[in-house]
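There are 2 protein chains.
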Amino acid sequence: MRIALDAMGSDVGPTPLVEGAVMAAKRFDCKILLVGRRHSLGRLLRFYRYAGDKIEIVPCSQTVRMDANPRASLKLSDSSIAVATRLVAEGRADAMVSAGATGATKAHALLGLRRLEGIRREAIATLMPTSKKPCLILDVGANVDCKPRHLVDFAIMGSVYARTVLGRKNPRVGILSVGEEPSKGNALTLATYALLKQSHLNFIGNVEGRHLFKGKVDVLVCDGFVGNVVLKVCESVAKMILMGVKGAMKKNVLTMAGALTLLPGMRKFHKKVDHSEYGGAPLLGLNGVCIIAHGSSNAKAVMNAVRVAVESVDQDVNRHIREEIEAISAEIEQVASSQELVAVTE
Amino acid sequence: MRIALDAMGSDVGPTPLVEGAVMAAKRFDCKILLVGRRHSLGRLLRFYRYAGDKIEIVPCSQTVRMDANPRASLKLSDSSIAVATRLVAEGRADAMVSAGATGATKAHALLGLRRLEGIRREAIATLMPTSKKPCLILDVGANVDCKPRHLVDFAIMGSVYARTVLGRKNPRVGILSVGEEPSKGNALTLATYALLKQSHLNFIGNVEGRHLFKGKVDVLVCDGFVGNVVLKVCESVAKMILMGVKGAMKKNVLTMAGALTLLPGMRKFHKKVDHSEYGGAPLLGLNGVCIIAHGSSNAKAVMNAVRVAVESVDQDVNRHIREEIEAISAEIEQVASSQELVAVTE
Numbered sequence: 636m637r638i639a640l641d642a643m644g645s646d647v648g649p650t651p652l653v654e655g656a657v658m659a660a661k662r663f664d665c666k667i668l669l670v671g672r673r674h675s676l677g678r679l680l681r682f683y684r685y686a687g688d689k690i691e692i693v694p695c696s697q698t699v700r701m702d703a704n705p706r707a708s709l710k711l712s713d714s715s716i717a718v719a720t721r722l723v724a725e726g727r728a729d730a731m732v733s734a735g736a737t738g739a740t741k742a743h744a745l746l747g748l749r750r751l752e753g754i755r756r757e758a759i760a761t762l763m764p765t766s767k768k769p770c771l772i773l774d775v776g777a778n779v780d781c782k783p784r785h786l787v788d789f790a791i792m793g794s795v796y797a798r799t800v801l802g803r804k805n806p807r808v809g810i811l812s813v814g815e816e817p818s819k820g821n822a823l824t825l826a827t828y829a830l831l832k833q834s835h836l837n838f839i840g841n842v843e844g845r846h847l848f849k850g851k852v853d854v855l856v857c858d859g860f861v862g863n864v865v866l867k868v869c870e871s872v873a874k875m876i877l878m879g880v881k882g883a884m885k886k887n888v889l890t891m892a893g894a895l896t897l898l899p900g901m902r903k904f905h906k907k908v909d910h911s912e913y914g915g916a917p918l919l920g921l922n923g924v925c926i927i928a929h930g931s932s933n934a935k936a937v938m939n940a941v942r943v944a945v946e947s948v949d950q951d952v953n954r955h956i957r958e959e960i961e962a963i964s965a966e967i968e969q970v971a972s973s974q975e976l977v978a979v980t981e
Numbered sequence: 636m637r638i639a640l641d642a643m644g645s646d647v648g649p650t651p652l653v654e655g656a657v658m659a660a661k662r663f664d665c666k667i668l669l670v671g672r673r674h675s676l677g678r679l680l681r682f683y684r685y686a687g688d689k690i691e692i693v694p695c696s697q698t699v700r701m702d703a704n705p706r707a708s709l710k711l712s713d714s715s716i717a718v719a720t721r722l723v724a725e726g727r728a729d730a731m732v733s734a735g736a737t738g739a740t741k742a743h744a745l746l747g748l749r750r751l752e753g754i755r756r757e758a759i760a761t762l763m764p765t766s767k768k769p770c771l772i773l774d775v776g777a778n779v780d781c782k783p784r785h786l787v788d789f790a791i792m793g794s795v796y797a798r799t800v801l802g803r804k805n806p807r808v809g810i811l812s813v814g815e816e817p818s819k820g821n822a823l824t825l826a827t828y829a830l831l832k833q834s835h836l837n838f839i840g841n842v843e844g845r846h847l848f849k850g851k852v853d854v855l856v857c858d859g860f861v862g863n864v865v866l867k868v869c870e871s872v873a874k875m876i877l878m879g880v881k882g883a884m885k886k887n888v889l890t891m892a893g894a895l896t897l898l899p900g901m902r903k904f905h906k907k908v909d910h911s912e913y914g915g916a917p918l919l920g921l922n923g924v925c926i927i928a929h930g931s932s933n934a935k936a937v938m939n940a941v942r943v944a945v946e947s948v949d950q951d952v953n954r955h956i957r958e959e960i961e962a963i964s965a966e967i968e969q970v971a972s973s974q975e976l977v978a979v980t981e
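Protein chains in written order, with my numbering: chain Y, 636 to 981; chain Z, 636 to 981.
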C-alpha cells in the first residue's frame with residue numbers, strides 16, 4: 636500500500652511530517668510517498684536516520700500557504716497538495732494525508748478525486764471524546780449549507796466508517812438537535828429525521844447538545860456550519876475552564892502544591908481529549924482516501940493520520956459506502972421524493 | 636412598578652420562587668404580584684416571615700407542567716403563566732417573570748403581548764461568561780429557522796439591551812460564524828453580514844466559535860438552533876471537564892487533599908459561570924417585558940430575574956428598540972430589498 640503524504644503543508648514546517656512518516660514507516664505495512672522539496676526532506680530523513688526503502692521523496696516546486704484562498708490554491712499545480720492528490724487520482728498512491736490548509740486540501744481533493752457516485756456532498760468527520768467511546772461527528776466544515784439528503788449521505792458515510800475503521804458493531808446514528816423528541820429541531824433536521832427513520836441504519840433519533848458527551852451514539856450528523864461552530868466552541872470552553880483552574884492553582888503555594896498532586900490524573904484526562912491520539916479527520920465521499928490532519932500536528936498525530944489512511948484503505952471504506960448509498964437510496968426514495976415535491980410547490 | 640411572577644412554574648415547586656420574591660421585595664423598588672395557588676403561596680410567605688405590602692398574591696387554578704406541549708398549554712387560560720401574561724397585557728403589571736417551561740412561556744407571551752411593531756421575530760437572549768465581561772448571545776431557542784432580517788432584529792434588540800440594561804457604551808455586535816473573514820459563513824450569516832454592515836450599529840464582523848470566550852463582542856447573534864446547541868454544548872463540555880477533574884481528585888488521599896486546597900479558587904470560578912448570578916434571560920421583541928428564568932432557579936436566581944425585569948422597565952428597553960428598528964430599517968432598506976429580489980428570482 637502507498638500513502639501520499641503532503642510534507643509541506645503544516646503550521647510548523649515539514650519537521651513533524653517527516654518524523655511522523657518515519658514513525659509510520661517503521662510501524663505500518665505501507666510505503667510513504669513524501670511530497671515536497673527534495674533537499675529539505677532528504678536532510679530531515681537523514682536527521683531522523685531513516686535509510687529504509689519504505690519512504691520515497693516525490694519532489695514538487697510549490698507550497699500552498701496555510702492562509703491560502705482555496706480556489707486560488709488550485710492554480711498551484713505543482714504544489715505538494717496538488718501532487719499528492721494527483722498520485723491518488725492516477726492510482727500511484729492508495730490514499731493521501733495532508734496537514735495543510737483544510738479549505739485548499741478539500742478543493743484539491745474534490746477536483747482531483749471527484750465525488751463517489753451517488754454521494755451529493757462530501758464531509759469532514761472528526762472524533763469527539765465522550766464519557767464512553769469517542770463519537771464520530773460530521774460534517775465539521777466541508778459544507779456550511781446542507782439539505783436533508785446531504786445529512787443522509789453523512790449518516791451513511793459515518794456509519795460505514797464507524798463500522799469498518801472504528802470497529803463499532805451496528806453503529807448508532809443520531810442527529811444533533813435542540814431536543815430529543817422527534818418534533819424538536821429546525822426544518823433541516825426534521826426532514827432528515829423523516830428520511831433516516833426509513834433507512835436500515837441504526838438511527839436512534841435526536842441528540843441534544845447537553846448530551847453530546849454521554850456517548851449515546853457512535854455517529855452524529857449535522858450541517859458543516861453547526862459542526863464547525865460546535866467543534867470550535869468545545870475547544871474554547873475547555874481552554875477557558877483550564878485557564879480558570881490554572882488561575883485557581885496560581886493563588887498561593889498551598890494551592891499550587893495541591894494542583895501538582897492532581898497533575899497525573901489531569902494528564903490522563905488530557906490524553907482523552909488530545910487530537911494527536913486520533914490522528915486525522917477523514918474527508919469522506921470522494922473517489923479515494925483523503926485524511927486531513929490538524930495544521931499543528933506533531934509527529935505522533937502525523938503517524939496516527941497515516942494509520943487512519945492505512946485502515947481506511949485496508950477496510951475498503953469507499954466500496955462499503957457505495958453499497959450502502961445504493962441500498963439506502965432505494966429505502967428512502969418515497970419520502971425523499973415527497974419532500975422534494977413539497978420544496979417545489981412551496 | 637409591578638412585576639408579575641409566575642410562582643407555580645419551576646422544576647422544584649414554588650418554594651424558591653416565593654423566597655426569591657421576598658428577597659426581591661426587600662431589595663428593589665417594586666411590587667410583586669405572585670401568581671399561583673393562594674393557599675400554598677400564603678403558607679410559604681408566612682414561612683419566610685413576609686408581612687409587608689410589596690407582595691400580593693394573584694390567585695389562579697391551573698399549572699402548566701414543565702414538559703407541557705407549548706401549543707396545548709395555551710388552552711389553560713387560568714394557569715399561572717396565562718394569568719401573569721394577562722396582567723402585563725392589561726397593564727396591571729409592567730413585566731412578567733417565569734421559571735416555567737420555556738416553550739409554554741414563549742407561546743403565552745407571544746399570544747398575549749404580541750410582537751413589537753417592526754419586529755419580525757422575538758428572541759431569547761442569555762449572558763455567557765467570557766474572559767472579560769459577559770456577552771449577550773441571541774437567539775438561544777425562540778426561533779430555529781431564521782432569515783437574515785431576523786438576525787438583524789436580534790442585533791438591534793441585543794445592542795439596545797446591552798446599552799440600556801447592561802450599561803455597555805456603544806455595544807460591539809458580532810455574528811457567530813465559522814471564520815472571522817467576511818467571506819466565511821453560511822448563506823444566512825453572509826447575508827446578515829451584508830445588512831449589518833449598512834447599519835449604524837457597532838458591528839465588528841464575524842466571531843469564530845474558538846473566540847467565543849475572548850470577550851471581543853458585547854452582543855453575538857445567531858439563529859435559535861445554533862444558539863441553543865452552542866449553549867447546551869458549553870454546559871456539557873464544562874460538566875465533562877469538571878467530572879474529569881473530579882475523577883482525578885478521587886484517585887487517592889494525596890490528590891484529594893490537593894483538590895481541597897483548590898476549592899476556594901474553583902468556587903470563585905464557578906460563580907463566574909453560575910446562571911443564578913445573571914438571573915433570567917429576556918424574551919426580547921414583545922410588547923411588554925418578559926423574563927425567562929431557568930427551571931431549576933434557586934431563590935437568588937429568582938431575585939436576579941426580578942432585578943433584570945425591573946431594570947428593563949426602568950430603562951424603557953422596548954421604546955429604544957422601536958426607535959432603533961425604525962432607524963435601521965431605513966439604513967438597510969436597499970440591501971435588504973435586493974436580497975429579497977435574489978430570493979424571489981432564484
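For glycine and all other residues, C-beta sits at the position ideal for the given N, C-alpha and C.
Output, in chain order, the set of chain Z residues within a Cβ distance shorter than 7 angstroms of residue 842(Y).
Translated into positions along the first sequence, residue 842(Y) becomes position 207. Chain Z residues near residue 842(Y): none, gap ~10 angstroms exceeds 7 angstroms.
Residue 693(Y) and residue 670(Y) - do their beta-carbons sit closer together than 8 angstroms?
Mapped onto the first sequence, residue 670(Y) falls at position 35. Mapped onto the first sequence, residue 693(Y) falls at position 58. Going by C-beta atoms, residue 670(Y) is nearer than 8 angstroms to residue 693(Y).
Can you say whether residue 712(Z) is buried or exposed, counting buried as having 16 or more other CB atoms within 10 angstroms of its CB?
Residue numbering aside, residue 712(Z) sits at position 77 when the second sequence is read from its first letter. Exposed: under 16 other Cβ atoms inside 10 Å.
Name the two residues that bound the continuous alpha helix (DSSP H) containing residue 658(Z).
Within the second sequence, residue 658(Z) is the residue found at index 23, counting from 1. It spans 650-662 - the alpha helix (DSSP H) in which residue 658(Z) sits, taken as one unbroken run.
For a contact meaning CB atoms closer than 8 angstroms, what does residue 918(Y) contact in chain Z?
The sequence position of residue 918(Y) within the first sequence is 283, counting from 1. Those do not exist, as residue 918(Y) stays about 16 angstroms from chain Z at its closest Cβ, beyond 8 angstroms.
Is the beta carbon of residue 940(Y) less than 8 angstroms from the beta carbon of residue 926(Y)?
On the first sequence, residue 940(Y) is found 305 positions in, with the first residue counted as 1. On the first sequence, residue 926(Y) is found 291 positions in, with the first residue counted as 1. Yes. Within cutoff.
Residues of chain Y with a CB under 7 angstroms from the CB of residue 864(Z): which are they?
Within the second sequence, numbered from 1, the residue matching residue 864(Z) stands at position 229. Chain Y residues near residue 864(Z): 811, 813, 844, 861 and 865.
So what does residue 773(Y) bridge to, in DSSP terms?
Here residue 773(Y) refers to the residue found at position 138 when the first sequence is read from its first residue. Partner(s): 760(Y) and 856(Y).
Strictly by DSSP, which residues pair up with residue 809(Z)?
Numbered from 1 along the second sequence, position 174 holds the residue referred to as residue 809(Z). BP columns for residue 809(Z) point to 840(Z) and 855(Z).
C-alpha gap between residue 637(Z) and residue 666(Z), whole angstroms
Numbered from 1 along the second sequence, position 2 holds the residue referred to as residue 637(Z). Numbered from 1 along the second sequence, position 31 holds the residue referred to as residue 666(Z). Residue 637(Z) and residue 666(Z): Cα-Cα distance of roughly 5 angstroms.
Which residues share a DSSP beta bridge with residue 921(Y)?
Mapped onto the first sequence, residue 921(Y) falls at position 286. Partner(s): 750(Y).
Smallest Cα separation from residue 750(Z): which of 653(Z), 782(Z), 968(Z) and 919(Z)?
Here residue 750(Z) corresponds to residue number 115 of the second sequence, with the count starting at 1. Answer by Cα proximity: 919(Z).
Residue 822(Y) and residue 974(Y): beta carbons closer than 8 angstroms?
The residue labelled residue 822(Y) in the question sits at position 187 within the first sequence. The residue labelled residue 974(Y) in the question sits at position 339 within the first sequence. Going by C-beta atoms, residue 822(Y) is not nearer than 8 angstroms to residue 974(Y).
Are residue 644(Z) and residue 730(Z) closer than 8 angstroms when you measure CB to CB?
Counting from one through the second sequence, the residue named residue 644(Z) turns up at place 9. Counting from one through the second sequence, the residue named residue 730(Z) turns up at place 95. Contact check for residue 644(Z) against residue 730(Z) fails: the beta carbons are separated by 8 angstroms or more.
Where does residue 916(Y) sit, in a helix, a strand or coil, going by DSSP?
Stepping through the first sequence from its first residue, residue 916(Y) is reached at position 281. Looking at residue 916(Y) - three-state DSSP - the assignment turns out to be strand.
Helix, strand or coil at residue 735(Z) [DSSP, three-state]:
The residue labelled residue 735(Z) in the question sits at position 100 within the second sequence. Reduced to three states, the DSSP call for residue 735(Z) is coil.
Would residue 789(Y) count as contacting chain Z if we go by Cβ distances under 8 angstroms?
Here the question's residue 789(Y) lines up with position 154 in the first sequence. Chain Z, which has no Cβ nearer than 8 angstroms to the Cβ of residue 789(Y), makes this no.
For residue 788(Z), count the other beta carbons within 10 Å of its own beta carbon; 16 or more makes it buried, fewer makes it exposed. Which is it?
As a working mapping, residue 788(Z) is identified with position 153 in the second sequence. Flag for residue 788(Z) reads buried.
According to DSSP, what are the bridge partners of residue 637(Z)?
Counting from 1 along the second sequence, the entry for residue 637(Z) is found at position 2. Paired residues: 666(Z).
Among 948(Z), 758(Z) and 652(Z), whose alpha-carbon lies nearest the alpha-carbon of residue 790(Z)?
Reading the second sequence from its first residue, position 155 is the one you call residue 790(Z). Comparing Cα-Cα distances from residue 790(Z) to each of 948(Z), 758(Z) and 652(Z), the minimum goes to 758(Z).
According to DSSP, simplified to helix, strand and coil, what is residue 793(Z)?
Mapped onto the second sequence, residue 793(Z) falls at position 158. Three-state result, residue 793(Z): helix.
Short CB-CB distance (under 8 angstroms) between residue 853(Z) and chain Y
Translated into the one-based positions of the second sequence, residue 853(Z) becomes position 218. For residue 853(Z), the answer is no, since every Cβ of chain Y falls outside 8 angstroms of its Cβ.
How big is the Cα-Cα spacing for residue 863(Z) and residue 820(Y)?
Reading the second sequence from its first residue, position 228 is the one you call residue 863(Z). Reading the first sequence from its first residue, position 185 is the one you call residue 820(Y). Each residue's Cα considered, the two are about 10 angstroms apart.
Please report the distance separating the alpha-carbon of residue 772(Y) from that of residue 846(Y).
Within the first sequence, numbered from 1, the residue matching residue 772(Y) stands at position 137. Within the first sequence, numbered from 1, the residue matching residue 846(Y) stands at position 211. Roughly 14 angstroms between the two C-alpha positions.
Does the separation of the CB atoms of residue 813(Z) and residue 838(Z) fall below 8 angstroms?
If you number the second sequence from 1, residue 813(Z) lands on position 178. If you number the second sequence from 1, residue 838(Z) lands on position 203. No, these two residues do not count as a Cβ contact at 8 angstroms.
Residue range of the unbroken beta strand (DSSP E) whose run includes residue 691(Y)
Residue numbering aside, residue 691(Y) sits at position 56 when the first sequence is read from its first letter. 690-694 is the span of the beta strand (DSSP E), which, as asked, contains residue 691(Y).
So which residues of chain Z does residue 847(Y) contact, with C-beta pairs closer than 7 angstroms?
By 1-based counting over the first sequence, the position of residue 847(Y) is 212. Around residue 847(Y), the beta-carbon contacts reaching into chain Z at under 7 angstroms are 868 and 871.
Whether residue 872(Y) touches residue 854(Z) by CB criterion (8 angstroms)
Here residue 872(Y) corresponds to residue number 237 of the first sequence, with the count starting at 1. Here residue 854(Z) corresponds to residue number 219 of the second sequence, with the count starting at 1. Against a cut-off of 8 angstroms, the Cβ pair of residue 854(Z) and residue 872(Y) comes out as no contact.
Alpha-carbon spacing of residue 802(Y) relative to residue 843(Y), whole angstroms
Walking along the first sequence from the start, residue 802(Y) turns up at place 167. Walking along the first sequence from the start, residue 843(Y) turns up at place 208. Between the alpha carbons of residue 802(Y) and residue 843(Y) lies a gap of roughly 25 angstroms.
Neighbourhood of residue 695(Z) by C-beta, 7 angstroms cutoff - its chain only, sequence neighbours within 5 removed:
The residue labelled residue 695(Z) in the question sits at position 60 within the second sequence. Here the set comprises 670, 671, 713, 714, 715 and 718.
Which residues mark the beginning and the end of the alpha helix (DSSP H) in which residue 707(Z) is found?
Numbered from 1 along the second sequence, position 72 holds the residue referred to as residue 707(Z). Where residue 707(Z) is concerned, the enclosing alpha helix (DSSP H) stretches over 705-708.
Residues near residue 776(Y) in its chain [Cβ-Cβ closer than 6 angstroms; skip 5 each side]
As a position in the first sequence, residue 776(Y) is number 141, starting the count at 1. Within the same chain, residue 776(Y) has close Cβ partners 759, 859 and 863.
CB contact below 8 angstroms: residue 934(Y) versus chain Z:
Counting from 1 along the first sequence, the entry for residue 934(Y) is found at position 299. Output row for residue 934(Y): interface = no.
Alpha carbon to alpha carbon, what distance is there between residue 836(Z) and residue 930(Y)?
What you label residue 930(Y) is simply residue 295 of the first sequence in a count that begins at 1. What you label residue 836(Z) is simply residue 201 of the second sequence in a count that begins at 1. When rounded, the distance between both Cα atoms is 36 angstroms.
Beta-carbon gap between residue 690(Z) and residue 660(Z) smaller than 8 angstroms
If you number the second sequence from 1, residue 690(Z) lands on position 55. If you number the second sequence from 1, residue 660(Z) lands on position 25. Yes; because the gap between Cβ atoms is below 8 angstroms, this pair is in contact.
Using a beta-carbon distance cut-off of less than 7 angstroms, what residues from the region 689-706 of chain Z approach chain Y?
none
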